[in-house]
Amino acid sequence: MNTTQDASRQSVADALEALLAKRFSGADRKLVTTLARQFYHRVPEEELDHLGLDSMAAISAQLLGFIRDRQPGVAKINVYNPELEQHGWSSGLTVVEMVNDDMPFLVDSVSVALAEQDIAIHRIIHPVLRAQRDDNGNLNAIAEQDTDLADGVSESLMHLVVDRQSDGEELDRLHAVLQKTLADVRAAVEDWQAMLKRAVESAERLSEYGSGIDRQHVEECRKFLRWLMEDHFIFLGIRDYRVVNEDGQRYLEQMEGSGLGILRGGPEPAQRREIASLPGGAWSLGTSPQLIFVTKTNARSTMHRVGYLDYIGLLSYDDSGQVVRERRILGLFTSIAYNRSAWDTPLVQPKVDGVVERSGLRPGSHAYKALVHILETLPRDELLQADTDDLYPLASGILNLQERQRTKLFIRPEQFGRFYSCMVFIPRDRFKTEVREAIQSILRKALNGEKLDYVVQVSESVLARLHVVVRPKPGSAVQYDEGDIENQIIEAVRSWRDELREILIQKHGEAEGLRLANQFGRAFPISYTEDVSPWVAAFDVDNAAALEGADDLRMSLYRPRKRRVGLLRFKIFKHGTPIPLSDVLPMLENLGLRIVNERPYELHMPDGASLWVQDFDMVPDDGGDLDINAVRDDFQQAFEKAFTGLTESDGFNRLVVSCQLRWREVMLLRAYCKYLLQTGIPFSQPYMEQTLNAHPVISRLLVELFNTQFNPDWKEQRAGQCKRLARALGTLTRDMTDPVLKEYIDEISERRDGQREGQDREQAFDLIRRAILRALESVRSLDQD
Numbered sequence: 112m113n114t115t116q117d118a119s120r121q122s123v124a125d126a127l128e129a130l131l132a133k134r135f136s137g138a139d140r141k142l143v144t145t146l147a148r149q150f151y152h153r154v155p156e157e158e159l160d161h162l163g164l165d166s167m168a169a170i171s172a173q174l175l176g177f178i179r180d181r182q183p184g185v186a187k188i189n190v191y192n193p194e195l196e197q198h199g200w201s202s203g204l205t206v207v208e209m210v211n212d213d214m215p216f217l218v219d220s221v222s223v224a225l226a227e228q229d230i231a232i233h234r235i236i237h238p239v240l241r242a243q244r245d246d247n248g249n250l251n252a253i254a255e256q257d258t259d260l261a262d263g264v265s266e267s268l269m270h271l272v273v274d275r276q277s278d279g280e281e282l283d284r285l286h287a288v289l290q291k292t293l294a295d296v297r298a299a300v301e302d303w304q305a306m307l308k309r310a311v312e313s314a315e316r317l318s319e320y321g322s323g324i325d326r327q328h329v330e331e332c333r334k335f336l337r338w339l340m341e342d343h344f345i346f347l348g349i350r351d352y353r354v355v356n357e358d359g360q361r362y363l364e365q366m367e368g369s370g371l372g373i374l375r376g377g378p379e380p381a382q383r384r385e386i387a388s389l390p391g392g393a394w395s396l397g398t399s400p401q402l403i404f405v406t407k408t409n410a411r412s413t414m415h416r417v418g419y420l421d422y423i424g425l426l427s428y429d430d431s432g433q434v435v436r437e438r439r440i441l442g443l444f445t446s447i448a449y450n451r452s453a454w455d456t457p458l459v460q461p462k463v464d465g466v467v468e469r470s471g472l473r474p475g476s477h478a479y480k481a482l483v484h485i486l487e488t489l490p491r492d493e494l495l496q497a498d499t500d501d502l503y504p505l506a507s508g509i510l511n512l513q514e515r516q517r518t519k520l521f522i523r524p525e526q527f528g529r530f531y532s533c534m535v536f537i538p539r540d541r542f543k544t545e546v547r548e549a550i551q552s553i554l555r556k557a558l559n560g561e562k563l564d565y566v567v568q569v570s571e572s573v574l575a576r577l578h579v580v581v582r583p584k585p586g587s588a589v590q591y592d593e594g595d596i597e598n599q600i601i602e603a604v605r606s607w608r609d610e611l612r613e614i615l616i617q618k619h620g621e622a623e624g625l626r627l628a629n630q631f632g633r634a635f636p637i638s639y640t641e642d643v644s645p646w647v648a649a650f651d652v653d654n655a656a657a658l659e660g661a662d663d664l665r666m667s668l669y670r671p672r673k674r675r676v677g678l679l680r681f682k683i684f685k686h687g688t689p690i691p692l693s694d695v696l697p698m699l700e701n702l703g704l705r706i707v708n709e710r711p712y713e714l715h716m717p718d719g720a721s722l723w724v725q726d727f728d729m730v731p732d733d734g735g736d737l738d739i740n741a742v743r744d745d746f747q748q749a750f751e752k753a754f755t756g757l758t759e760s761d762g763f764n765r766l767v768v769s770c771q772l773r774w775r776e777v778m779l780l781r782a783y784c785k786y787l788l789q790t791g792i793p794f795s796q797p798y799m800e801q802t803l804n805a806h807p808v809i810s811r812l813l814v815e816l817f818n819t820q821f822n823p824d825w826k827e828q829r830a831g832q833c834k835r836l837a838r839a840l841g842t843l844t845r846d847m848t849d850p851v852l853k854e855y856i857d858e859i860s861e862r863r864d865g866q867r868e869g870q871d872r873e874q875a876f877d878l879i880r881r882a883i884l885r886a887l888e889s890v891r892s893l894d895q896d
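First residue of the sequence shown: 112, per the numbering used here; consecutive thereafter.
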């Protein structure tokens, strides 16, 4: 902290002290100013600015009233929502105040308790005060320095601002949770030395735990117990149990007075559990000479850190090899234990030696070193809990995976059946949150999971490792097929490009499918792979691969799945640069479609060239629905000819969709109308475009009349067919019997001058019909000559 910051902080402290001096007098003034000085000493300056002097003074006064009386050995807790009238300051959050004898794990344990309740901490202030109290617990003085008050006692004061707890019930529940947490901390700390003494006793008397047990195993277990006490394990609770036989049944019962730490309390000695009912047949361990086993409990830690408690069981055997006693040790392995080499950890070292020996690999070889590295980097809980028979297939399986980008699953059931340790290896470039969640869902369902924890490891290896611990629902019978679960995970992990490659191979065969996959598989941008399924992408690959040159154009008109009625998609494939939306928009609108969205994708091809896929969401401008199969080819041809300039882009092009005409047939009607405009017809081109599109039956008949006259295949029937079509056309325009035309005329006749407009439209059709008939008569005369 620089001089300027020191001066600023001192200024705030002086101002706060002056404010408190006005509000308090006598001994209380000394207490509150000393408390405030120590309380805010390490609070960041920006937080002090946020609080303001009035709130700081009110909090100091509140804290003094809170800590004024407390009996030694008792934790005092206050949980409240600050209100201005009651507390002198207000906040939209909840405040937790705690004062307790200073001891290890307090802040960590409180943080764990709040995290387990899904309550976030917004601010925490935790000074350790040296307080002097009288025999009744009343506060007499607070030391200004650690050397003051020789008869004082260190007290932990915690002030936390947490998520708002809205009502009294929630406040009471949080108070109870914190009370239980602090009680557990006190029990563990007070019994710390007693638990260490119990562990030392176990190590010294371990040879008495069973006859006929291998001496080397006994010594390894003794080393492990001593290793625990070398800052590798936090002892939180110990309790002894004995096995009793009664009426032909074996029961496990607690030994009265044996509980220490968090296991001080518990069931009465008379309350016992039948061994046959214990999960997973736990006491089948009695058939093997195993003095110590390591696992996890079903209870989560209330102290130090989030997670399940580590459970170390020491078993005693009678001469027949049956378990007769268990000493149960609960706690947490320290970070030092997790970072030690596997070969420096008692009980683990014989296991990893056994795995290496069983592998038969030559020491110093590449595979040997790889196996050693695998064992060193396995989760330490796996090495502590699993035996050699479990570790060997796991380690050798991982060794076989080295540098191979494939998905692999390993499942290890916990020996008591309480959880399943699942290790999943995934190609690193495919690992993402969605994949992890899919894998966890598969494992949860397959193993009847109720609770689940996971750890991810992503290193320089080509494989990412996901370690998932699944805890089944209590009492559920779990039956699973590891191969089937692995296949499900492979499907979930399989990348978008993998699926595209398989689809292309199915469509085009092995050689051509792989060629297309290699050419296009990595060309698509991430935005495309997130928007488009591999199945649709395979069709896009076909279109993109069919492009022949820089000016070539490929298109795809289709109806997407699971979309609202009427929505169409139109894709344009083109090398080089995309077609500007300002060019595409009028061409599609002239074809009777309205663009509602565009998604352009740039494909970076292996040769460095760019290929564009422009994907348009469209709807018919009349709100109807199209028969895609009927209009697709004509629509795409009409768009291409309009884009290349071989035909005009105007309202006549709507006839492609409304009448299912080809672009050349549209050119025919456009030519007639242009001819009429040259003759001085009083109707504009947009008026005639609208007229023809509004009456598709008549427009289609006009084209059929022309095609009939000039189709060389109909030469003999031409005259009769022409007369029939002409008569039908004349009837439609003269009698107004066409339903579409009649509906339109009825609609516009209701307008102010609707009758005149109806007559104009009838006259326009009649002029178009007469122009066609005159042309036909001229052509017929030439044909007769």
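All residues carry an ideal CB built from backbone N, CA and C; glycine is no exception.
Top-ranked residue by Cα proximity to residue i, from the options
| i | options | result |
| --- | --- | --- |
| residue 519 | 575, 488, 236, 530 | 575 |
| residue 481 | 549, 572, 451 | 572 |
| residue 227 | 289, 183, 205 | 289 |
| residue 344 | 350, 352, 335, 351 | 335 |
| residue 578 | 176, 489, 661, 644 | 489 |
| residue 637 | 710, 811, 236 | 710 |
| residue 243 | 179, 530, 713, 672 | 179 |
| residue 224 | 266, 287, 659, 477 | 287 |
| residue 660 | 483, 686, 386 | 686 |
| residue 511 | 246, 478, 525, 433 | 478 |
| residue 253 | 691, 483, 266 | 266 |
Local Cβ density within 10 Å of residue i, reported as buried at 16 or more and exposed below that
| i | result |
| --- | --- |
| residue 684 | buried |
| residue 551 | buried |
| residue 384 | exposed |
| residue 431 | exposed |
| residue 121 | exposed |
Under the three-state DSSP convention, the category residue i falls into
| i | result |
| --- | --- |
| residue 407 | strand |
| residue 544 | helix |
| residue 485 | helix |
| residue 185 | coil |
| residue 589 | coil |
| residue 575 | strand |
| residue 151 | coil |
| residue 742 | helix |
| residue 735 | coil |
| residue 595 | helix |
| residue 119 | helix |
| residue 764 | helix |
| residue 128 | helix |
| residue 242 | strand |
Pairwise C-alpha distance: residue j and residue i
| i | j | result |
| --- | --- | --- |
| residue 557 | residue 322 | 42 Å |
| residue 688 | residue 680 | 20 Å |
| residue 601 | residue 741 | 41 Å |
| residue 721 | residue 783 | 43 Å |
| residue 515 | residue 617 | 25 Å |
| residue 271 | residue 648 | 54 Å |
| residue 598 | residue 509 | 17 Å |
| residue 697 | residue 764 | 11 Å |
| residue 794 | residue 788 | 8 Å |
| residue 851 | residue 745 | Bear in mind that the predicted position of residue 851 carries a pLDDT of just 42, short of 50, making it unreliable; the figure below should be weighed with that in mind. Approximately 23 Å between the Cα atoms of the pair. |
| residue 635 | residue 470 | 44 Å |
| residue 792 | residue 759 | 21 Å |
| residue 756 | residue 646 | 34 Å |
| residue 672 | residue 623 | 28 Å |
| residue 496 | residue 405 | 5 Å |
Residue i at chain B interface by Cβ criterion, 9 Å
| i | result |
| --- | --- |
| residue 740 | The displayed structure is made up of one protein chain only, and chain B is not part of it. |
Notebook entry, point to check: Between the region 214–232 and the region 408–417, do at least 3 Cβ pairs fall closer than 8 Å?
Noted result: Here the region 214–232 makes contact with the region 408–417; the two share three or more CB pairs at distances below 8 Å.
Notebook entry, point to check: Counting Cβ pairs closer than 8 Å, one from the region 691–704 and one from the region 766–775, do we hit at least three?
Noted result: Contact holds between the region 691–704 and the region 766–775, because three or more Cβ pairs, one in each stretch, are under 8 Å apart.
Next item on the list: Evaluate the contact criterion for the region 527–541 versus the region 580–590: three or more CB pairs, one atom per stretch, below 8 Å.
Entry: Enough Cβ pairs lie closer than 8 Å, so yes.
Checklist line | At least 3 beta-carbon pairs within less than 8 Å: the region 449–459 vs the region 354–362 | finding: Counting Cβ pairs under 8 Å, fewer than three are found: no touch.
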